[in-house]
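Residue numbers (this note's numbering): 180 to 489. For each residue, glycine too, the CB sits at the ideal point set by N, CA and C.
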Ligand SMILES: [Zn+2]
Ligand SMILES: [Zn+2]
């Protein structure tokens, strides 16, 4: 027979769970964003301020292969009363394709993670020089220097090359630069070996984080490879995939929600915001996760943040 005390504990437990789920559901999570530390336009502190203004309650900064913006973003988050998640977006090579793996709740001071990211950044610089040489052969001079100028002190990415070509009036927009110059078979494309998928997932886990496949709808893998990727990722310890992200269409939300369910993976939600004019969508405007998704934040400790009124 259940005595009154355990019954009371049980009802409190029920109430507490209800409170947690209803509290979390009303929070606006954005678990993928970029600052000037990689290829975003806003400094880490300005990005956080903008997120707060746009009604984001929980923000992860996930710069490419670099964690040096996290400390100032964290401080800004405190000042703006939003919750902050330490993140990173690691470029990996899987079956000769480049994929992005987001790490959430990583430790930015973890030695092995820091060393591995430093190696990736060095390789990225070498790739950028080769891209500049390729574009020069196609008659586009000074592309490396131009991209480097736009990157300022941050890591140099293909987006910086794209912005340079648009800035010079050579191509009308960033999307077209990628299509005409930066993808396989085009003059600015450089075959590059990034970190191994398994190594990236293991490093994220070793540093206390959760590994998430970023924007899976962008890889054009075909269904057989997609199933293989989700299988491999999960077997290495990967936990979640981005279901709602700015480069996915609403039918893709459903498609990846189904795949997450099929592979017992959790679902993440992130804008991949890079700044005004260079993003698919503004911050704070993402759709909710489809019903039935297990949010990647499900087991996170209660976040010290007041939900933004709807
Ligand atoms: Zn990405
Ligand atoms: Zn990104």
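May I ask which residues mark the beginning and end of the beta strand (DSSP E) holding residue i?
i	result
residue 265	262-273
residue 337	Residue 337 -> not in any beta strand (DSSP E); alpha helix (DSSP H) instead, spanning 337-346.
residue 445	445-449
Provide the residue span of the alpha helix (DSSP H) that contains residue i, from first to last.
i	result
residue 414	402-414
residue 355	353-356
residue 438	429-441
residue 229	223-232
residue 151	Residue 151 lies beyond the stretch modelled for the chain, which goes from 180 to 489, so this question has no answer here.
residue 251	249-258
Of the residues the options, which one's Cα is nearest the Cα of residue i?
i	options	result
residue 207	386, 232, 220 and 216	232
residue 457	360, 433, 312 and 356	356
residue 257	245, 237 and 272	237
residue 471	479, 432, 480 and 454	432
residue 209	474, 481 and 361	474
residue 323	334, 263, 308 and 224	308
residue 372	306, 332, 477 and 428	306
residue 252	243, 262 and 244	262
residue 285	427, 273 and 249	249
residue 405	295, 242, 442 and 212	442
residue 411	376, 459 and 243	376
residue 275	374, 348 and 328	374
residue 468	333, 421, 243 and 282	421
residue 294	335, 245 and 419	245
residue 428	465, 279 and 419	465
residue 271	259, 243 and 247	243
residue 477	335, 454, 446 and 460	446
residue 353	223, 418, 459 and 239	459
residue 333	479, 462, 223 and 480	223
residue 227	255, 211 and 413	255
Taking the DSSP output, what are the residues bridged to residue i?
i	result
residue 459	In DSSP, residue 459 forms no bridge with anything.
residue 238	209 and 263
residue 452	212
residue 421	447
residue 243	268
residue 474	446
For the structure I just gave you, are there three or more beta carbon pairs, one from the region 436-446 and one from the region 311-330, closer than 8 Å?
no
Are there three or more Cβ pairs, one per stretch, closer than 8 Å when the region 295-304 is compared with the region 387-402? No, the region 295-304 is not in contact with the region 387-402.
task = Please determine if the region 447-461 and the region 306-316 are in contact, where contact requires at least 3 C-beta pairs separated by less than 8 Å.
result = Because the criterion of three Cβ pairs below 8 Å is not met, the region 447-461 and the region 306-316 do not touch.
Only counting runs of 4 or more residues, tell me where the alpha helix (DSSP H) segments fall wholly within the region 276-335, in order along the chain.
290-316 and 322-330
Using 8 Å as the cut-off, can you tell me whether the region 265-280 makes contact with the region 375-390, which would need three or more C-beta pairs spanning the two stretches below that distance?
yes
Next on the checklist: I'd like to know if the region 279-294 and the region 376-385 are in contact, where contact means that at least 3 CB-CB pairs between them fall below 8 Å.
Outcome noted: yes
field: Beta carbon shell of ligand 4 at less than 7 Å from a heavy atom
entry: No copy of ligand 4 appears in this structure; the ligands present are ligand 1 and ligand 2.
Notebook entry, point to check: Taking three-plus beta-carbon pairs below 8 Å as touching, is the region 209-225 in contact with the region 334-343?
Noted result: Flag = yes, the region 209-225 and the region 334-343 touch.
Item checked: Continuous alpha helix (DSSP H) assignments of at least 4 residues falling wholly in the region 349-392 -> 353-356 and 376-385
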